[in-house]
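To keep things clear, I will list the structure first and then write my remarks on it.
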Amino acid sequence: MSGTSVEGIWDLAIATPIGRIKAVVELRRENGLLTGTARGAGEEVPLSELTHDGARLSWKQAVTKPMRLNLAFDMTIHENTLTGHSRAGRLPASKVTGQRRDRPMTA
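The structure is reproduced here in structure tokens:
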């Protein structure tokens, strides 16, 4: 498998029109499949349509707080840093940055 490993816990900061939102995304491999969950604003939601291709990582998630939104994230990975944006429907894109909190053990 080529590309940058994305597994681990990521602390995200999302600059939205209503202020900065912090979230935590946990990415892991289960049976060779990349899966993940996001926690923030008092809720935990699964990530869907999670794709990792080289330095690019994207996913979708639905949130209900602070308001009900379907979010699409498009991120670039550089070592232990994520940069990119999230978009909620027709709303303007929000800048997203992230830092890996830990890295899984490798064999």
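Each residue of the sequence shown is one higher than the last, beginning at 842 in this note's numbering.
All C-beta atoms, glycine included, are put in the ideal place defined by N, C-alpha and C.
If we count the other Cβ atoms within 10 Å of its Cβ and call it buried at 16 or more, is GLY925 buried or exposed?
buried
In terms of alpha-carbon separation, which member of VAL866, ILE859, ARG909 lies closest to SER899?
VAL866
Would you kindly work out how many angstroms separate the C-alpha atoms of MET908 and THR878, rounded to a whole number?
18 Å
With DSSP collapsed to three states, give me the class of SER935.
strand
For LYS863, the three-state DSSP class (helix, strand or coil):
strand
Which first and last residues belong to the beta strand (DSSP E) in which LYS901 is found?
897-904
Give me whichever residues DSSP pairs with MET916 in a beta bridge.
LEU898, GLY925
Do LEU875 and LEU868 count as a contact pair if the criterion is CB distance below 8 Å?
yes
At the level of alpha carbons, what is the spacing between PRO858 and THR905?
17 Å
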